[in-house]
Amino acid sequence: MITTTDIKIHKTNKSRIAEYDINNVPFGKCFSDHMFVAEYANGKWERSYIEPYQNVPMSYATSALHYGQAIFEGMKAYKNDNGEVAIFRPYENLNRLNKSAIRMAMPEVPEEIFMGGLIELLKLDAAWVPSSETGSLYIRPFIIATDEAIGVKSSDTYKFIIITCPAGKYYSEPIKVLVETKYFRAVHGGVGFVKAAGNYGRSLYPTKLAQQRGYQQVIWTDSKTNQYVEESGTMNLMFVIGETLLTPELSDTILSGITRKSVLQLAKHWGMKIEERKISIREILTAQGNGNLKEAFGVGTAATIAQIISIGCDGKDYELPPVNSRVFSNKIDETLRNIRKGKIKDEFDWMYKV
Ligand code: COI
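Heads up, the sequence shown is in my numbering, so the first residue is 560 and it goes up one at a time.
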């Protein structure tokens, strides 16, 4: 078993940080100085190291590239006013990564490797964590199958890698979404509940079609009846109808979002009425028609809270109340930000100090 003391650290001799304004970079395009790598072979995680972020040589026959044995996580670290760095709920990501690994016939990553690698990496690259109000260091842990082999079988070798990038807002404006009833993100018995790379690849074509029509994202519906909403883009979905917070119940077609879980925990703590259940498009549009649909928003790690301003369905756009009238989602957004930036008490023990 590898422990943190076994992580070989090779530091860069020249930081690239001065090349960027880390409080003002586009999402996912500028990577911090180092990356963590653990290698799996012979039935175990054999070695781990941190090295300068770099391109690595890879065979074009690498199995992850052909059959999608690739999974990932998204998580964030924040810097408080004293310059201390803390990660939001990392054990939730570890648990979900391992659920994804099991479903995709990949090896699970032990806690020592996941947390050990993460902490060492963030200690080295702490300067890359933005200090701005809405900034964070986006952390991308992922596992790829690395056998050089074209036969369809689960790989014998893997790499678990963590890279990071400073990030600001994912969506700069509230989004328009289109209800999608022809293409589906996930099917029962499939992999929609885990963070498999292929879930994202398959979403791009319908999203492109929606974008050509002026929407930023789609609302995915269930593949059996096309009547129930599931997620929006890469996010879980939430609505406030009347005084109730509604969100689709988890199933094998819906990702168990950590932001989703946190929003529900806060809402429950505040005494809000919550319903986790199937939600039909009809119910949403009826509520919009009679003025009861107060708020609609996506929740996810990258986006945190993405306000939905308009829902397109069957050739018609249904407009939603202005964002500044949305009491619940604005309060959630602010509260999450304050917890993450250490401005209010972390009552739920969500922040893990580096
Ligand atoms: C996340 O919110 O972390 C995601 O997975 C969305 C995306 C950047 C893939």
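All C-beta atoms, glycine included, are put in the ideal place defined by N, C-alpha and C.
A direct Cα-Cα distance of roughly 5 angstroms separates THR740 from ASN785. Relative to the ligand COI, the nearest heavy atom lies less than 8 angstroms away from the CB of ALA862. In the three-state DSSP reduction, ILE813 falls in the coil class, being neither helix nor strand. In this structure, DSSP gives LEU879 a state outside helix and strand, which the three-state scheme calls coil. Put simply, the stretch 733-753 touches the stretch 786-796. At least three CB pairs are less than 8 angstroms apart. Annotated as distal: VAL886 and LEU852, with beta-carbon spacing of 9 angstroms or more. At the C-beta level, VAL913 and ALA645 come within 9 angstroms of one another.
Note on geometry: alpha-carbon atoms of LYS567 and ARG841 lie some 56 angstroms from one another. Within the stretch 670-696, the complete alpha helix (DSSP H) segments of 4 residues or longer fall at 670-683, listed in chain order. Closer than 8 angstroms to some heavy atom of the ligand COI: that describes the Cβ of PHE631. Between the ligand COI and GLY642, a heavy atom-to-CB distance of less than 8 angstroms is absent. With a threshold of 16 other beta carbon atoms within 10 Å, ARG606 falls short and is exposed. The C-beta distance from PRO700 to LEU656 rounds to 6 angstroms, short enough to fall under 8 angstroms.
Setting aside the 5 residues that flank it on each side, ALA620 is surrounded in the same chain by GLU707, ALA708 and ILE709, each with a C-beta closer than 7 angstroms to its C-beta; the list follows chain order. Straight across, the Cα-Cα distance linking ALA855 with LEU879 is about 8 angstroms.
Per DSSP, PHE887 is one residue of the alpha helix (DSSP H) stretching across 886-899. Contact check for HIS747 against SER810 passes: the beta carbons are separated by less than 9 angstroms.
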